[in-house]
Every structure is written in C-alpha cells, then in structure tokens.
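**Q**
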Amino acid sequence: MLKSFLFFALFTSFIHIGNSQSLSASKIKILAKEKLPEALENFNDFLKIPNDGHYPIQVKNNLKWCDSVFSKLKFDTKILKTKGAPLLFAEKKISAKKKTVLFYLQIDGQPVDTSKWNQANPFVPVLKANKNSTWEIIDFDRLQTEFDPDW
Numbered sequence: 011m012l013k014s015f016l017f018f019a020l021f022t023s024f025i026h027i028g029n030s031q032s033l034s035a036s037k038i039k040i041l042a043k044e045k046l047p048e049a050l051e052n053f054n055d056f057l058k059i060p061n062d063g064h065y066p067i068q069v070k071n072n073l074k075w076c077d078s079v080f081s082k083l084k085f086d087t088k089i090l091k092t093k094g095a096p097l098l099f100a101e102k103k104i105s106a107k108k109k110t111v112l113f114y115l116q117i118d119g120q121p122v123d124t125s126k127w128n129q130a131n132p133f134v135p136v137l138k139a140n141k142n143s144t145w146e147i148i149d150f151d152r153l154q155t156e157f158d159p160d161w
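Numbered by our numbering, the letters in the sequence shown go through residues 11 to 161 in order.
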C-alpha cells in the first residue's frame, strides 16, 4: 500500500511537468527526488484523516481531501453517488490524440482495532526505525534531510 500511495503522491506532485512531453528515466528520478519531501508531507496529511469505511463522514472527508488534491492539479473532478460509498472521478484531458491512462485508487479504509495497534493513535502518522529488532518512533522531520526505505 505504501509503495502504491508513494507512486500516487509522486505522480500527483509533478504530473503537470510531464503532461505532454517525454521524460527520460534519469529526469524522472531527479524529479521524484525533488518532489519526495512534498509527496511525503501530502502522504502524512492523508494518513491523518480517519478512514474507516463504516463511517460515512470519514469517507466524505477522504473524498473532500482527494478532490482538493486533484483540483489543485487541474483535474476535473466529480463525486459520483452510488448505493454504497460515493466515488470520486478525476479526469485530466491532455490530448485526444494521446493514449488514455487510468488509475484506480481506493481510499476508504478498514476498521481499526486500536487495542492491537502499536502506537497511540492509528490516525496520527509516525515514522519508525528498526533498532535491535524493535520498531522505535523517530522524528518525522528526518524525511526532510534523509530517506531510508525501511522506515
């Protein structure tokens, strides 16, 4: 899930840069590295939104956040009502001559049993490092200067 969201976060952080031009692998790596702090900050903000799919207000708050993110990236958005949870449709037309790319994201979460959670609140993101076979909370701001994929 983390890798999927990081891809999404990185993608949405710089989609406007490459919307009609080819980028080399090295340019993509450079842009991803530049945008990683912002993407991680967005990811942190996203994780703070309670998202138990059993609570319509939580689903609504997640939709609102995602709608805001896509709107800032100049996507046309629309909330689709269903018999179940509402859906967010986001579309960005670049060129009728270009191929279509479709992404599917599921944002409603599963119920959380807080008694089995290894931190105070499942909706307060923490960063953890493995020290002596134990995961210890470390300062989230370390991501501004360093990145360890094992965190």
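Just so it is clear, CB atoms sit at the ideal spot from N, CA and C, and this is done for glycine as well. For clarity, every value in this text was computed on a predicted model and none was experimentally measured.
Whole angstroms are fine: how far does the CA of His64 sit from the CA of Phe113?
**A** Indexing the sequence shown from 1 puts residue 113 at position 103. Indexing the sequence shown from 1 puts residue 64 at position 54. Each residue's Cα considered, the two are about 24 Å apart.
**Q** Pro159: which of Leu50, Ser32 and Lys103 sits nearest, CA to CA?
**A** Counting from one through the sequence shown, the residue named residue 159 turns up at place 149. When only C-alpha atoms are compared, the closest one is Leu50.
**Q** Under the rule that 16 or more other beta-carbon atoms within 10 Å means buried, what is Phe80, buried or exposed?
**A** Counting from one through the sequence shown, the residue named residue 80 turns up at place 70. It counts as buried.
**Q** What does Asn52 pair with, by DSSP beta-bridge criteria?
**A** The residue given as residue 52 occupies position 42 in the sequence shown. According to DSSP, which records beta bridges pairwise, Asn52 is partnered with nothing at all.
**Q** I'd like the list of long-range same chain contacts for Ser125, defined as Cβ closer than 6 Å, with 5 residues on each side in sequence excluded.
**A** For the purposes of this step, residue 125 is identified with residue 115 of the sequence shown, where counting begins at 1. Excluding sequence neighbours, Ser125 sits near nothing in its chain.
**Q** State the DSSP-derived secondary structure class of Leu97, mapped to helix, strand or coil.
**A** As a position in the sequence shown, residue 97 is number 87, starting the count at 1. In this structure, Leu97 counts as strand in the three-state DSSP scheme.
**Q** Would you be able to state if there are at least three C-beta pairs under 8 Å between the region 70-90 and the region 144-151?
**A** No: the two stretches stay apart, fewer than three of their Cβ pairs being nearer than 8 Å.
**Q** Tell me whether Leu153 is buried or exposed, calling it buried when 16 or more other Cβ atoms sit within 10 Å of its Cβ.
**A** Here residue 153 refers to the residue found at position 143 of the sequence shown. With at least 16 other beta carbons inside 10 angstroms of its own, Leu153 counts as buried.
**Q** Given a threshold of 16 other Cβ atoms within 10 Å of its Cβ, counted over all protein chains shown, does Val111 qualify as buried or as exposed?
**A** As a position in the sequence shown, residue 111 is number 101, starting the count at 1. That one is exposed.
**Q** Give a yes or no on whether the C-beta atoms belonging to Asp62 and Gly119 are separated by under 8 Å.
**A** One-based indexing of the sequence shown puts residue 62 at position 52. One-based indexing of the sequence shown puts residue 119 at position 109. Cβ distance < 8 Å, so Asp62 and Gly119 count as in contact.
**Q** Let me know the secondary structure DSSP gives Lys88 once reduced to three states.
**A** In the sequence shown, residue 88 corresponds to position 78, counting from 1. In the three-state reduction of the DSSP assignment, Lys88 falls in the strand class, which pools E and B.
**Q** Give me, in chain order, the residues of the same chain whose beta-carbon lies closer than 7 Å to that of Gln157; leave out the 5 immediate sequence neighbours on both sides.
**A** Here residue 157 refers to the residue found at position 147 of the sequence shown. For the sequence presented, residue 157 should be read as Phe rather than Gln. Taken in chain order, the residues that qualify are Leu46.
**Q** Quick one: Cα of Trp127 to Cα of Asp151, how far?
**A** Translated into positions along the sequence shown, residue 127 becomes position 117. Translated into positions along the sequence shown, residue 151 becomes position 141. Cα to Cα, Trp127 sits roughly 23 Å from Asp151.
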